[in-house]
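Visitor: One structure coming up, written as structure tokens, with questions to follow.
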Amino acid sequence: MEIKDKRPASLEDIQNEIIDEFSIFGDDRESTIFYIMELGQKLPPLDEQYKTDQYIIKGCQSKVWLTARLEGDRVYFDADSNTEITKGLISLLIRVLSGQKADDIINADLYFLEKIGMSNIIGAQRSNGLAAMIKQMKLYALAFKSKMNNE
Amino acid sequence: MEQTGIKTDIGKIREQFPVLRQEVNGKKLIYFDNAATTQKPLSVINALTDYYRHYNANIHRGVHALAERATAAYENTRKLIGEFINATDTEEVIFTSGTTAGINLVASAWGRKFLQKDDEVIISEMEHHSNIVPWQMICEEKGARLMVIPVDNKGELVMSEYEKMLGDRTRMVAVTHISNALGTINPVEEIVAKAREAGAVTLLDGAQATAHVDIDVQALGCDFYAFSAHKLFGPTGVGILYGKRAILEAMNPWQGGGEMIEEVTFEKTTYNEIPYKFEAGTPNIADVIAFGEAVRFLNGIGGKKELLSHERELLQKATEGLKAIDGVKIIGEAHEKIGVLSFVVDGMHHFDIGMLLDARGIAVRTGHHCTQPLMRRYGIEGTVRASFSIYNTTEEVEFFIESLKQIIAKWR
Ligand SMILES: Cc1ncc(COP(=O)(O)O)c(C=O)c1O
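Set out below in structure tokens:
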């Protein structure tokens, strides 16, 4: 779980850090995929109660479960997937978006994906799945925002 | 190891498949997804452009030269296919858009007329969804029962269970000739013979069979045989439904439209003869014509016996290789198999393995292979499937095994 007293870095800082990390692989596709899988392995486990159809992201070939919660003015995400690569992908998104303010998530420009050539690495079908994950995260943020505004 | 006719000429065969001469992800392409669709030889590709360049015309009913030529070429494929599967009459060969369409045609047109409440339709646990869902739909409509022949641990049908299922109410037995997920060659002659004894109609799903074993519909004795051109070096969008003349004539059409009629008035329409009765609308002329070239290609490479023996050599090598890797489990170890190798790896998801193999240029299929009930039978979600064809080589198999070994070792 996230470390509470640590201020989350900015969206940009985290994205630039990721771009940096991926740059060492160049066009070595296999190493890149293995790295994504390793990131997936490091994702904290998701409580079994969330591994139900209610939390599944539609539009992914693999199964991806995602939940979100609000703490203060920040939105936190937890997720899991049945495949290691997809888990790696959602873990990257979590790294960037989890712990950010709802507005920042809603407006986030996730340029790191294009910079590291993600669509080329994972292919068109998985890219659609990735887009579905981002959309779902933004929807959560939107829901929290309107909840906050109503309170 | 015995030299086969194909093996000596494999370089020549590969030359005819331009798609194989490329790199993917910076690696030499190794195409092991032949059970999904085979690649196309130049003759097939050329036939397509040749048709559109020189004699594109709608067939039948035309009096002009191009229509004549297109009709002749189209009907010539029908004749070739009739010979290819040893049909009694050319008219028993119906062009469809694929195996799926052929099975739906039978389930709808035959089922609607001949199935009744409490009748029974037998399929098997290893069927592709396209030989499950059409039967579920018509059974539901008619109040008929769907019965399922179980599969044993090795991936063979439990014939004793099948025999027990057959009875007075059995109307249709529809099973796959060869399993796309396991590679199992089913004892279809026996299945058909037993069904006939029980007075049932039979349909064989030949999608996986036609590129691998000789098909003789008369010897098989089945009433229907459905397959797809694209799994047989032909284009996508073309399939064949073979049906025995008597049963085709007894059936009503499936779809209505042009081509399939004899005379139309607003009061009543009379139908054309078979096969046209079942070919409503402008068919896929170009692809049917090109499919003829695929059959010629197959006939030209020395017959399916050699093809199968080449494939089995690859299968044996790959099977031995896989078995030597710790944590790999083969799904489907039937005695009689084509070159289809399904497997799972401990602690790794099939999607991940598929992507890692792809990074090395190796194209395999991952997932449930449209056989979810079968996957459930084995308690798995899916497999990695490598499937071989005539243009694959032992070197490719060696590279695949070596790659898989390294990938698994790296992840552990
Ligand atoms: C055994 C089997 N039946 C039916 C089909 C469906 O064929 P098509 O999609 O060409 O209609 C396939 C294709 O994967 C198959 O392998």
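Sequences listed follow chains A and B, in order.
Everything in the first sequence is counted per numbering that gives the first Met the number 0, starting at 0 for the first residue and increasing by one.
Everything in the second sequence is counted per numbering that gives the first Met the number 0, starting at 0 for the first residue and increasing by one.
All residues carry an ideal CB built from backbone N, CA and C; glycine is no exception.
In angstroms, rounded to a whole number, what distance separates the CA positions of residue 3 (chain B) and residue 315 (chain B)?
Guide: In this prediction, residue 3 (chain B) scores a pLDDT of 47, lower than 50, which makes its location untrustworthy; the coordinate-derived value is nonetheless stated afterwards. When rounded, the distance between both Cα atoms is 15 Å.
Visitor: Looking only at C-alpha atoms, which of B:154, B:143 and B:120 sits nearest to residue 165 (chain B)?
Guide: When each option's Cα is compared against that of residue 165 (chain B), the closest is B:120.
Visitor: Assign residue 241 (chain B) to one of three DSSP states: helix, strand, or coil.
Guide: Of the three classes helix, strand and coil, the one that applies to residue 241 (chain B) here is strand, per DSSP.
Visitor: So with CB distances below 8 Å, who are the chain B contacts of residue 36 (chain A)?
Guide: By Cβ distance, chain B contributes 351 and 410.
Visitor: Have a look at B:15, B:31 and B:131 and flag the residue whose alpha-carbon is nearest the alpha-carbon of residue 400 (chain B).
Guide: The shortest C-alpha separation from residue 400 (chain B) is found at B:31.
Visitor: Kindly list, in the order they appear in chain B, the residues whose Cβ is closer than 8 Å to that of residue 51 (chain A).
Guide: Near residue 51 (chain A) there are no residues of chain B at all, since even the closest Cβ is about 17 Å away, more than 8 Å.
Visitor: Residue 207 (chain B): beta carbon under 6 Å from a heavy atom of ligand 1?
Guide: Yes.
Visitor: Tell me whether residue 82 (chain A) sits in a helix, a strand or coil according to DSSP, three-state version.
Guide: Looking at residue 82 (chain A) - three-state DSSP - the assignment turns out to be coil, as it is neither helix nor strand.
Visitor: Only counting the same chain, and skipping five residues up and downstream in sequence, which positions put a Cβ closer than 7 Å to that of residue 141 (chain A)?
Guide: Around residue 141 (chain A): 105.
Visitor: What three-state label does DSSP hand residue 378 (chain B) in the structure shown?
Guide: Here residue 378 (chain B) sits in coil by DSSP.
Visitor: With H, G and I counted as helix, E and B as strand and the rest as coil, what does DSSP make of residue 62 (chain B)?
Guide: If DSSP states are grouped into helix, strand and coil, residue 62 (chain B) belongs with coil.
Visitor: Do the stretch 380 to 394 of chain B and the stretch 31 to 43 of chain B meet, that is, are 3 or more Cβ pairs less than 8 Å apart?
Guide: Counting Cβ pairs under 8 Å, three or more are found: they touch.
Visitor: Below 9 Å on C-beta distance, what does residue 172 (chain A) contact in chain B?
Guide: Outside the displayed span of chain A (0 to 150) sits residue 172 (chain A), for which this structure offers no information.
Visitor: If you count every other CB in all the chains shown that lies within 10 Å of the CB of residue 396 (chain B), and 16 or more means buried, which is it?
Guide: It is buried - the Cβ of residue 396 (chain B) has at least 16 other Cβ atoms within 10 Å.
Visitor: For residue 355 (chain B), which of A:71, A:94, A:100 and A:82 has the nearest alpha-carbon?
Guide: The shortest C-alpha separation from residue 355 (chain B) is found at A:82.
Visitor: By how many angstroms is the C-alpha of residue 233 (chain B) removed from the C-alpha of residue 227 (chain B)?
Guide: Distance between the alpha carbons of residue 227 (chain B) and residue 233 (chain B): 8 Å.
Visitor: Measuring alpha carbon to alpha carbon, tell me which of B:377, B:407 and B:404 ends up nearest residue 418 (chain B).
Guide: Only positions 0 to 411 of chain B appear in the structure, and residue 418 (chain B) is not among them; the question remains open.
Visitor: So with CB distances below 7 Å, who are the chain A contacts of residue 354 (chain B)?
Guide: Simply 32 and 84.
Visitor: To be precise: take each residue of the stretch 103 to 119 of chain B, compare its Cβ to all Cβ atoms of chain A, and keep it if any distance is under 7 Å. Which residues remain?
Guide: The stretch 103 to 119 of chain B vs chain A, Cβ under 7 Å: nothing.
Visitor: Ligand 1 heavy atoms versus the CB of residue 382 (chain B): any closer than 6 Å?
Guide: No.
Visitor: Report yes if the CB atom of residue 412 (chain B) is closer than 7 Å to the CB atom of residue 206 (chain B), and no otherwise.
Guide: Any question about residue 412 (chain B) goes unanswered here, given that chain B covers just 0 to 411.
Visitor: If you run the structure through DSSP and keep just helix, strand and coil, what is residue 161 (chain B)?
Guide: Helix, per DSSP.
Visitor: Could you tell me whether the stretch 61 to 79 of chain B touches the stretch 279 to 289 of chain B, using the rule of 3 or more Cβ pairs below 8 Å?
Guide: Taking 8 Å as the limit for Cβ pairs, the verdict is that the stretch 279 to 289 of chain B does touch the stretch 61 to 79 of chain B.
Visitor: Since residue 358 (chain B) meets chain A, which of its residues come closer than 7 Å, beta carbon to beta carbon?
Guide: Simply 28, 29 and 32.
Visitor: If we call anything under 7 Å between Cβ atoms a contact, is residue 23 (chain A) one with residue 358 (chain B)?
Guide: Not in contact: residue 23 (chain A) and residue 358 (chain B) (Cβ atoms no closer than 7 Å).
Visitor: Evaluate residue 364 (chain B) with the Cβ neighbour count: other Cβ atoms within 10 Å of its Cβ, from every protein chain shown; 16 or more gives buried, anything less gives exposed.
Guide: Residue 364 (chain B) should be labelled buried.
Visitor: Taking residue 96 (chain B) as the reference, which of B:47, B:172, B:216 and B:279 has the closest Cα?
Guide: Comparing Cα positions, the closest option is B:279.
Visitor: With distances taken between CB atoms, is the gap from residue 35 (chain A) to residue 114 (chain A) smaller than 7 Å?
Guide: Their beta carbons are not under 7 Å apart, which means residue 35 (chain A) does not touch residue 114 (chain A) by this criterion.
Visitor: Compile a chain-ordered list of the residues in the stretch 56 to 73 of chain A whose CB is closer than 8 Å to at least one CB of chain B.
Guide: Answer set for the stretch 56 to 73 of chain A: 60 and 61.
Visitor: Starting from residue 348 (chain B), find everything on chain A with Cβ-Cβ shorter than 7 Å and list it in chain order.
Guide: Correct list: 81, 82 and 83.
Visitor: Please specify which runs of the alpha helix (DSSP H), each continuous and at least 4 residues long, are wholly inside the stretch 119 to 157 of chain B, giving them in chain order.
Guide: The stretch 119 to 157 of chain B contains these whole alpha helix (DSSP H) runs: 132 to 141.
Visitor: Counting C-beta neighbours from all protein chains within 10 Å, is the total for residue 265 (chain B) 16 or more, i.e. buried, or is it exposed?
Guide: Result: exposed.
Visitor: Which value, in whole angstroms, describes the spacing of the CA atoms of residue 136 (chain A) and residue 67 (chain A)?
Guide: Between residue 136 (chain A) and residue 67 (chain A), the C-alpha separation is close to 8 Å.
Visitor: Can you find the residues in the same chain that come closer than 6 Å, C-beta to C-beta, to residue 366 (chain B), ignoring five residues on each side of it along the sequence?
Guide: Counting only Cβ-Cβ distances below 6 Å, and skipping sequence neighbours, we find 381.
Visitor: Which of the three DSSP states is assigned to residue 109 (chain B) in this structure?
Guide: Residue 109 (chain B): helix per DSSP, three-state reduction.
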